[in-house]
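Engineer:
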Amino acid sequence: MNLKDEIKKLIKLQEIDKEIYQLDLQKNNNIPQKINELKEQLEQKQKEFAAFKDRINRLELEKNNKEGELVQKEENLKKARAQLYQLKSNKEYQVKLGEISSIEADISCAEEELIGFLDRIEQERANVKKEKENIDAESDKIKQEINNLEKQTKEIDQKIKELENKRNSFVGGVDKKIINQYQELLKKRNGLAIIPVLNNNCGACYMSLTRQKINEIKMYDRLILCESCVRILYIPEDLEL
Ligand SMILES: [Zn+2]
50 MNLKDEIKKL
60 IKLQEIDKEI
70 YQLDLQKNNN
80 IPQKINELKE
90 QLEQKQKEFA
100 AFKDRINRLE
110 LEKNNKEGEL
120 VQKEENLKKA
130 RAQLYQLKSN
140 KEYQVKLGEI
150 SSIEADISCA
160 EEELIGFLDR
170 IEQERANVKK
180 EKENIDAESD
190 KIKQEINNLE
200 KQTKEIDQKI
210 KELENKRNSF
220 VGGVDKKIIN
230 QYQELLKKRN
240 GLAIIPVLNN
250 NCGACYMSLT
260 RQKINEIKMY
270 DRLILCESCV
280 RILYIPEDLE
290 L
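Here the numbering used here is used: position 224 in the sequence shown is 273, and no number is missing along the way.
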């Protein structure tokens with residue numbers, strides 16, 4: 050195979066490799082990054098829900114304290130009422146009565162407070178239930194997206210495999226040295242190793258090429274690289290492409 054034909058093969062090869070390169074990029078960078086973002090979102094949702102539940106727990110705890118205090122106050126009331134009948138003087142009796150009515154007022158305050166608490170807890174529970182439904186629905190959606198992305202990864206793997214097979218059946222006949230040089234450049238130059246000359250400029254970096262350079266390319270004696278971006282150059286008109 051002469052160099053002209055080998056260059057033609059490289060051009061076709063690069064079309065396949067470009068596709069593989071893009072798929073690899075998608076599979077190794079874009080998709081994992083998206084999956085990570087989604088997983089972070091999922092964690093955030095779970096944290097939000099935990100904070101919600103924490104708030105209810107704190108309210109419950111406070112409610113229990115208030116209930117304990119109320120029981121204590123009712124005990125005090127009972128005690129004060131029992132003491133009432135043991136008192137001898139009217140003055141002591143009046144003082145005790147005052148004490149009792151103050152405890153009663155205190156209790157009714159505490160009861161009201163407790164009712165307020167129970168209302169708040171009930172409200173919070175309803176909120177939590179709603180929030181849980183929201184979070185579950187959003188979590189399901191995120192999980193579904195992650196599944197889709199994982200499925201996409203598998204599809205990409207399959208596609209890459211097919212392209213690699215196509216590619217391998219294609220390289221036959223091309224000098225191994227040329228293939229190696231091309232592959233080396235492909236890796237270093239982000240999937241773009243062979244570039245057309247357009248109006249005497251490099252088609253990748255647009256550096257203007259000297260008359261001598263153009264002649265060197267036209268000799269088809271060896272691969273000629275752009276001095277600026279270091280890619281293999283070819284002249285499309287010359288290859289009848
Ligand atoms: Zn260049």
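Positions of the beta carbon are idealized from the N, C-alpha and C atoms, including for glycine.
Please read these numbers as outputs of a predicted model, since none were measured by experiment.
Going residue by residue through the segment 201-286, where are the continuous alpha helix (DSSP H) segments of at least 4 residues, counting only ones entirely within it?
Structural biologist: 225-237 and 260-268
Engineer: When you compare only the Cα positions, how much space is there between Glu-86 and Gln-121?
Structural biologist: The residue given as residue 86 occupies position 37 in the sequence shown. The residue given as residue 121 occupies position 72 in the sequence shown. Taking the straight line joining both Cα atoms gives about 53 Å.
Engineer: Using only the alpha-carbon positions, how far apart do Leu-198 and Arg-271 sit?
Structural biologist: Along the sequence shown, one-based indexing puts residue 198 at 149. Along the sequence shown, one-based indexing puts residue 271 at 222. Answer to the nearest angstrom: the Cα atoms are 44 Å apart.
Engineer: Below 8 Å on the Cβ atoms is my guess for Asn-249 versus Ser-257; work out the distance and round it to an integer in Å.
Structural biologist: If you number the sequence shown from 1, residue 249 lands on position 200. If you number the sequence shown from 1, residue 257 lands on position 208. Contact flag correct, Cβ pair sits at about 6 Å.
Engineer: Relative to ligand 1, is the shortest distance from any of its heavy atoms to the C-beta of Ala-242 smaller than 7 Å?
Structural biologist: As a first step, residue 242 is located in the sequence shown; it is residue number 193 there, counting from the start. Outside the cutoff, so no.
Engineer: Just to confirm before moving on: does the CB-CB distance between Lys-4 and Glu-187 stay below 8 Å?
Structural biologist: Outside the displayed span of the chain (50 to 290) sits residue 4, for which this structure offers no information.
Engineer: Taking Gln-132 as part of the alpha helix (DSSP H), name the residues at either end of that continuous run.
Structural biologist: Your numbering for residue 132 matches position 83 in the sequence shown. Its alpha helix (DSSP H) spans residues 80-133.
Engineer: Kindly list the residues whose CB is nearer than 8 Å to the CB of Glu-160, restricted to its own chain and excluding five residues on each side of it in sequence; keep chain order.
Structural biologist: By 1-based counting over the sequence shown, the position of residue 160 is 111. Here the set comprises Leu-119.
Engineer: Which class does Leu-136 belong to by DSSP, given the choice of helix, strand or coil?
Structural biologist: Taking the first residue of the sequence shown as position 1, residue 136 is located at position 87. Leu-136 carries a coil assignment under DSSP once its states are collapsed to helix, strand and coil.
Engineer: Do Ile-60 and Ile-243 have their C-beta atoms closer together than 8 Å?
Structural biologist: As a first step, residue 60 is located in the sequence shown; it is residue number 11 there, counting from the start. As a first step, residue 243 is located in the sequence shown; it is residue number 194 there, counting from the start. Contact flag set, yes.
Engineer: In angstroms with no decimal places, state the Cα-to-Cα distance between Glu-289 and Lys-83.
Structural biologist: The residue labelled residue 289 in the question sits at position 240 within the sequence shown. The residue labelled residue 83 in the question sits at position 34 within the sequence shown. Those two C-alpha atoms are separated by around 43 Å.
Engineer: For ligand 1, which residues have a Cβ under 6 Å from at least one heavy atom, in chain order?
Structural biologist: Cys-251, Ala-253, Cys-254, Met-256, Cys-275, Ser-277, Cys-278 and Arg-280
Engineer: Quick check on DSSP: helix, strand or coil for Leu-290?
Structural biologist: Your numbering for residue 290 matches position 241 in the sequence shown. In the structure shown, Leu-290 sits in coil (DSSP, three-state: anything other than H, G, I, E or B).
Engineer: Considering just the uninterrupted stretch of the alpha helix (DSSP H) at Gln-71, what are its terminal residues?
Structural biologist: Within the sequence shown, residue 71 is the residue found at index 22, counting from 1. Per DSSP, Gln-71 belongs to the alpha helix (DSSP H) from 52-74.
Engineer: Can you tell me whether Val-144 is buried or exposed, with buried defined as 16 or more other CB within 10 angstroms of its CB?
Structural biologist: As a first step, residue 144 is located in the sequence shown; it is residue number 95 there, counting from the start. Answer is exposed; the Cβ neighbour count stays below 16.
Engineer: Determine the contact status of Arg-22 and Glu-173, defining contact as a CB-CB distance below 8 Å.
Structural biologist: A question about residue 22 goes unanswered here, because the residues of the chain that appear run from 50 up to 290.
Engineer: How big is the Cα-Cα spacing for Gln-261 and Ile-273?
Structural biologist: Residue numbering aside, residue 261 sits at position 212 when the sequence shown is read from its first letter. Residue numbering aside, residue 273 sits at position 224 when the sequence shown is read from its first letter. C-alpha separation (whole angstroms): 11 Å.
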